[in-house]
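Worksheet for the structure shown next.
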Ligand SMILES: Cc1cc2nc3c(=O)[nH]c(=O)nc-3n(C[C@H](O)[C@H](O)[C@H](O)COP(=O)(O)OP(=O)(O)OC[C@H]3O[C@@H](n4cnc5c(N)ncnc54)[C@H](O)[C@@H]3O)c2cc1C
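In the working numbering, the protein residues as written are 8 to 506.
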C-alpha cells in the first residue's frame, strides 16, 4: 500500500506535544517552520501516485500484488539498488534541492538488524520475529520512518548509573504490555514523522552482558508521554528571495523526550543484551549509507552549477586556474559517483540473503564524500567570489531609490541581467554561507554518526589481508607473518648418497 500526501499529513495530526522557539505548536503541518518539509514529504508520497513518476517511485509486490514504495523494498538484486538510486534522484530533482531524512535514507537501518536474526534468536526468538514483522509492516503501511541514536549522554567519564541515569535512554519498568523507557534522543524530522528505529548510540559496554541501556525498538512517534523540543527552524526568518534554500529545505532537528513512554512488546527489537546492541552499532549503516552519500552528489551538482555559472557570467571560466578549481569540484563529485556505482556493481550477499552495496566501497565513499565537503564548499565559495556575502537583499533591488543603481552594477551583459545575478548570488550565499549552509555541512559531518565512526566502518570492512599478502609475496616474507603455515617446501632432489 502506498499512502497519499494527505494521508501522511493527517497521520501527524495526532495531538503530539511539539515545541519550537519557545512556542507549543498546535498544528505541525501548517506551522511555518515545519510546513515546507511536511509539504516535501507529502509530495514524495504523491509522487508515488503521480502518472509522471509512479513507475520510478513504486513497484508491485510480487507476493501481495500491492503497490509499494521502492525506498522500502528489501534489496535482493542490483536492479533493486538501481531503482532506489533512481527514485531518490527523482525526488531531489522534483523538489529542486537536498532533503535527506525523508525515509529512504533511514529505513535501511532495519535491514541491518534483519541481518542479525541469529544474534536476536540467541536473546529471544520473539525479537527476530518482531524485526521481520516491522519490515513487512513498513512495506505494507508506508510510514515515514526516521532514526534515533544519539542521547544527550552527559559526563562520558562516568558510568550512566553514576550520574543522572536519564542521560542515556534506558528501561525503567517491564509490564505485561511492554517496557517503559525514559531518556531523550536527538532526531532529525521526528516532529513530523511517524516512527523511529530507536537504539543505543556508540557505547562501551565493557564486560557487561546485560544492561538496561541496551534497548532497541520501533517508537510510534504518536505515543503518549513523548515531547518534541525542536531547534528553531530556518524557514521564515528572512525572505525566500534572499534565502531560497533555508526557506524550503530545512529539516528541523528535535530533542525527543521520553517521559516514561510505554513501548509495546511487539515493537521491542532487543532488550538488555549488549551483544545485540553491539551488533546493530557495528552494522547500522550497511544499507542506509548509500542513500546518505547519494545526497552529496546532488550537493556537489549544486555547488558546481553555482560556481560554473558565476565564472561563465563574468568570463572567468577561460582562466586555467579557474578551470582547475572547477575540475577539483568535478573530481569530488565523480569520486562519490564512482564509489556508489561500483558498490552496486560489486555488491555482496548479506547474512540474511539481502544484497548489500559493496561495504568497503560504500564506506570509503562515505568518508570521501563527508570528509572533503568543507573543502569543496570553500572552493565553490571562492569561485563565486566575495559578492556572495556583500550583495544587498531583494528588497533593495526593488526600492525605487536603490533599484537603478543595483540594476546598473549587477547587470553583466545582455544574457546576465541584474535580477538573475542577484538570484544566483542569493542561492550561492544560502548554500555556502548562511546559517542553513553551516547546518547542512554539520549534518553531513554527524547525522550518520561522527567521522571517527565513519573511519571505524572503513577499518572493519576493508580487505587488509589482501594488502598484507601482496607485501608478503613481493618482499619474499614467510607466510607465517600472515598467521598461515608456510607452504610445504618441494621435496629435495635425490643425492648420490641417498640414492
Ligand atoms: C544536523 C544533525 C542532525 C542529526 N540527526 C540525528 C538523527 O536524526 N538521529 C540521531 O540519532 N542523531 C542525529 N544527530 C546526532 C549525531 O548522530 C551525533 O551528533 C553524533 O553521533 C555525535 O554525537 P555527539 O554530538 O553527542 O558528539 P560527541 O559524542 O560528544 O562527540 C564529539 C566528538 O568527540 C570525539 N569523540 C567522541 N567519542 C569518541 C570516540 N569514541 N572515539 C574517538 N573520538 C570520539 C569526536 O571527535 C566526536 O566528533 C544529528 C546531528 C546533527 C549535527
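By construction, the Cβ of each residue, glycine as well, lies at the ideal position given by its N, Cα and C atoms. Because the structure is a prediction, the values reported are computed rather than measured.
So, are the CB atoms of residue i and residue j less than 9 angstroms apart?
i	j	result
residue 103	residue 51	no
residue 238	residue 43	no
residue 186	residue 192	no
residue 274	residue 227	yes
residue 152	residue 113	yes
residue 289	residue 467	yes
residue 294	residue 371	no
residue 419	residue 428	yes
residue 387	residue 311	yes
residue 280	residue 129	yes
residue 144	residue 172	no
residue 558	residue 357	Because the chain here runs from 8 to 506, residue 558 falls outside it and cannot be looked at.
residue 199	residue 98	no
residue 362	residue 39	no
residue 391	residue 433	no
residue 461	residue 378	yes
residue 59	residue 78	no
residue 276	residue 223	yes
residue 263	residue 352	no
residue 402	residue 269	no
residue 305	residue 158	no
residue 22	residue 229	yes
residue 397	residue 278	no
residue 439	residue 313	yes
Would you identify the three-state DSSP class for residue i, choosing helix, strand or coil?
i	result
residue 51	helix
residue 512	In the structure as shown, the chain starts at 8 and stops at 506, and residue 512 therefore has no counterpart that could be examined.
residue 505	Caution is warranted here: a pLDDT of 44 is assigned to residue 505, below 50, making its placement in the model unreliable, and the coordinate value is therefore given only provisionally. In the structure shown, residue 505 sits in coil (DSSP, three-state: anything other than H, G, I, E or B).
residue 180	strand
residue 363	strand
residue 222	strand
residue 65	strand
residue 227	strand
residue 105	coil
residue 294	coil
residue 247	coil
residue 202	strand
residue 316	helix
residue 81	coil
residue 217	strand
residue 41	coil
residue 9	coil
residue 423	coil
residue 208	coil
residue 98	helix
residue 329	helix
residue 379	coil
residue 36	helix
residue 416	helix
residue 440	coil
residue 398	coil
residue 92	helix
residue 285	helix
Could you name the residues that DSSP lists as bridge partners for residue i?
i	result
residue 270	186
residue 31	26
residue 265	190, 233
residue 195	260
residue 278	222
residue 74	67
residue 355	363
Does residue i come within less than 9 angstroms of chain D when only Cβ atoms are used?
i	result
residue 296	The structure shown contains no chain D, having only a single protein chain.
Using a threshold of 8 angstroms, is the CB atom of residue i nearer than that to any non-hydrogen atom of ligand 2?
i	result
residue 288	You won't find ligand 2 in this model; what it holds is ligand 1.
Using 8 angstroms as the Cβ pair cut-off and three pairs as the minimum, do the region 162-179 and the region 318-336 touch? no
Ordered list of alpha helix (DSSP H) runs contained in the region 452-491, each at least 4 residues: 458-468, 471-481
Would the region 410-425 and the region 331-343 be scored as touching if the rule is three or more Cβ pairs under 8 angstroms? no
With three or more C-beta pairs closer than 8 angstroms as the rule, is the region 293-308 touching the region 338-350? yes
At what residue ranges does the region 116-176 contain a whole run of the alpha helix (DSSP H), taking only runs of 4 or more? 124-130, 132-148
Decide yes or no for the touch test of the region 90-107 against the region 248-266: beta carbon pairs closer than 8 angstroms, at least 3 of them. yes
Does the pairing of the region 8-24 with the region 73-85 give three or more beta-carbon distances under 8 angstroms? yes
Segment contact, 8 angstroms Cβ cut-off, at least three pairs: the region 239-250 with the region 439-453: yes
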